[in-house]
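Asks: Read in this note's numbering, the sequence shown has 186 at position 186, and its numbers run on one by one without any break. Heads up, the beta-carbon is just placed ideally off N, CA and C, and yes, glycines get one too. Following this message is one structure expressed as structure tokens.
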Amino acid sequence: MTPPALARADVQPVQSGCADAPVLKERGQREVFCGLTGIIWLHRKIQDAFFLVVGSRTCAHLIQSAAGVMIFAEPRFATAIIGERDLAGLADIDEELDRVVGRLLDRRPDIKMLFLVGSCPSEVIKLDLSRAAARLSRLHAPRVRILSYSGSGIETTFTQGEDACLAALVPELPEEPQGAKPSLLVVGTLAEAVEDQLRRILTALGIADVKFLPPRRSGDLPTVGPATKVIYAQPFLGDTSRALERRGASMIVAPFPLGAEGTTAWLAAAAKTFGVDQRRFEAVTGPGIERARHAVARHREKLAGRRIFFFPDSQLEVPLARFLARELGMELVEVGTPYLNRQHLAAELDLLPAGTMLSEGQDVDRQLDRCRAAAPDLVVCGLGLANPLEADGLTTKWSIELLFTPIQGYEQAGDLAELFARPLNRRARLEV
Ligand code: SF4
1 MTPPALARAD
11 VQPVQSGCAD
21 APVLKERGQR
31 EVFCGLTGII
41 WLHRKIQDAF
51 FLVVGSRTCA
61 HLIQSAAGVM
71 IFAEPRFATA
81 IIGERDLAGL
91 ADIDEELDRV
101 VGRLLDRRPD
111 IKMLFLVGSC
121 PSEVIKLDLS
131 RAAARLSRLH
141 APRVRILSYS
151 GSGIETTFTQ
161 GEDACLAALV
171 PELPEEPQGA
181 KPSLLVVGTL
191 AEAVEDQLRR
201 ILTALGIADV
211 KFLPPRRSGD
221 LPTVGPATKV
231 IYAQPFLGDT
241 SRALERRGAS
251 MIVAPFPLGA
261 EGTTAWLAAA
271 AKTFGVDQRR
281 FEAVTGPGIE
291 RARHAVARHR
301 EKLAGRRIFF
311 FPDSQLEVPL
321 ARFLARELGM
331 ELVEVGTPYL
341 NRQHLAAELD
351 LLPAGTMLSE
361 GQDVDRQLDR
371 CRAAAPDLVV
381 CGLGLANPLE
391 ADGLTTKWSI
401 ELLFTPIQGY
411 EQAGDLAELF
421 ARPLNRRARL
431 EV
């Protein structure tokens, strides 16, 4: 049995990659959304969960405006507003929280898992939500499981909300049975269509036991233990990864499934771990690779040679830069990321063009100066920076869109390329 060689999947590290490249570390003012933002994609995924933010009116506005108004469905998130009396210590906030949760659960028997989500205000008044979750769990067990995590904006970035949520789920995962056969756990929120596609491919490769975290229903929590091999679908899950390691699971190092090349390398890493035969690997992945390459090629003419600058925001910057440089021929001016997790990004850094300018953290004014001086063709940034940069005549792409749009896997590779071609097309039309 020959394990699939990455080289056969057309994934060749560039001459030296960026594994040891120096990184500009900045620790100044940052312009990022907070971790509450993750609720917007998490509440769609875990369909019987509810996210109760314990925060201020600002927190309520943030998630309401980011998520839009849900007209046809009962909402699966809300904010318990901490009022002035609570902040001044005049009210018993534990009692109030118990009342709010009791009312919510009485009204909504469909809720099977409730997350109490901490915010800046709840942290400022040192509200212990983990204690509250334990107390409320005892009250409402076994009907509802109640957990807590922090989505606070202090020193975090918006994708850390998902990391904190999944890390809070890990202790709840059932123990795998004694003597369990190796199983594959795919970790990170994926759109359902993407999850179904990847599951089909992994099953066709002969990997019998494939599970996903988060699950679609809170009762379907995957088991975990020493036979669990974890592959990450998202690059921002450092805390979750440490929690899974503590449960005995081991990590498969792989690039992320973005683009034809990234998806193939991701699948190849899983296939190698499970000893999948090379011929079978090629037969299963071949048609998807072809479709993805074809779909990506349609955007190459527009994007090749164009210069792109990434502000640190989503933590997807390094895998996206690898995809855009290698599959679309874009030139990377600067790749900024809030955190550079070398363990999770090891395979990605190997594939980045040698000499790529990497920066970690942010000093927003200095970075804006660098960006304006470089005058790139396209800037990927948070919502707060997009308007001023557009006013300067630069073309921008909101990084948050990349979390709301299905972009992983072969069938999405063309759409992913199009997300970067579209702002350039729009600018070209405006200039005509
Ligand atoms: S958690 Fe903090 S940063 Fe996020 S909306 Fe609330 S107050 Fe603002």
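Distance, Cα to Cα, GLY102 vs GLY286?
Replies: GLY102 and GLY286: Cα-Cα distance of roughly 53 Å.
Asks: Just how far apart, CA to CA, sit CYS165 and HIS43?
Replies: Cα-Cα distance, rounded: 11 Å.
Asks: Excluding the 5 residues preceding and the 5 following ALA49 in the sequence, name in chain order all residues of the same chain whose CB lies nearer than 6 Å to its CB.
Replies: The answer, listed in chain order, is MET113, SER218.
Asks: Say yes only if the C-beta of GLY384 is nearer than 7 Å to one or more non-hydrogen atoms of the ligand SF4, and no if none qualify.
Replies: Incorrect: GLY384 has no Cβ contact closer than 7 Å to the ligand SF4.
Asks: What three-state label does DSSP hand VAL100 in the structure shown?
Replies: Three-state result, VAL100: helix.
Asks: Drop a sphere of 10 angstroms on the beta-carbon of HIS344, count the other beta-carbons inside from all chains shown, and report buried for 16 or more, exposed for fewer.
Replies: Under this definition HIS344 is a buried residue.
Asks: Give the DSSP bridge partners of LYS397, in chain order.
Replies: Paired residue(s): VAL380.
Asks: So, is GLU334 buried or exposed, given that buried needs 16 or more other C-beta atoms within 10 angstroms?
Replies: Label assigned to GLU334: buried.
Asks: Taking a contact to mean a Cβ-Cβ separation below 8 Å, would you say LEU311 touches VAL210 in this structure?
Replies: Residue 311 is actually Phe in this sequence, not Leu. Result no, Cβ atoms of PHE311 and VAL210 do not sit closer than 8 Å.
Asks: With 16 as the cutoff for other CB atoms within 10 Å, does ASP106 come out buried or exposed?
Replies: Label assigned to ASP106: exposed.
Asks: Mind checking who PHE115 pairs with in its DSSP beta bridge?
Replies: For PHE115, which the question treats as bridged, DSSP gives the partners PHE51, LEU147.
Asks: What residue ranges within the stretch 145-220 form continuous beta strand (DSSP E) runs of no fewer than 3 residues, ordered along the chain?
Replies: Segments of the beta strand (DSSP E) lying fully in the stretch 145-220: 145-150, 183-187, 210-213.
Asks: Which residues mark the beginning and the end of the beta strand (DSSP E) in which VAL333 is found?
Replies: Looking at the DSSP string, the run of the beta strand (DSSP E) that includes VAL333 is 331-337.
Asks: Does DSSP put LYS25 in a helix, a strand or coil?
Replies: Of the three classes helix, strand and coil, the one that applies to LYS25 here is strand, per DSSP.
Asks: Give me the residue from VAL144, THR159, PRO142, ARG143 with the minimum Cα distance to SER150.
Replies: Measuring from the Cα of SER150, the nearest candidate turns out to be THR159.
Asks: Could you tell me whether the stretch 268-275 touches the stretch 373-389, using the rule of 3 or more Cβ pairs below 8 Å?
Replies: The stretch 268-275 is not in contact with the stretch 373-389.
Asks: According to DSSP, simplified to helix, strand and coil, what is LEU430?
Replies: If DSSP states are grouped into helix, strand and coil, LEU430 belongs with the helices.
Asks: When you compare each of ARG246, LEU316, VAL187 to THR337 by their alpha carbons, which one comes out closest?
Replies: The candidate whose alpha carbon is nearest that of THR337 is LEU316.
Asks: With distances taken from CA atoms, which of ALA254, LEU402, TYR232, GLU245 is nearest GLU350?
Replies: In the sequence on display, residue 350 carries Asp and not Glu. Of ALA254, LEU402, TYR232, GLU245, the residue nearest in Cα terms is ALA254.
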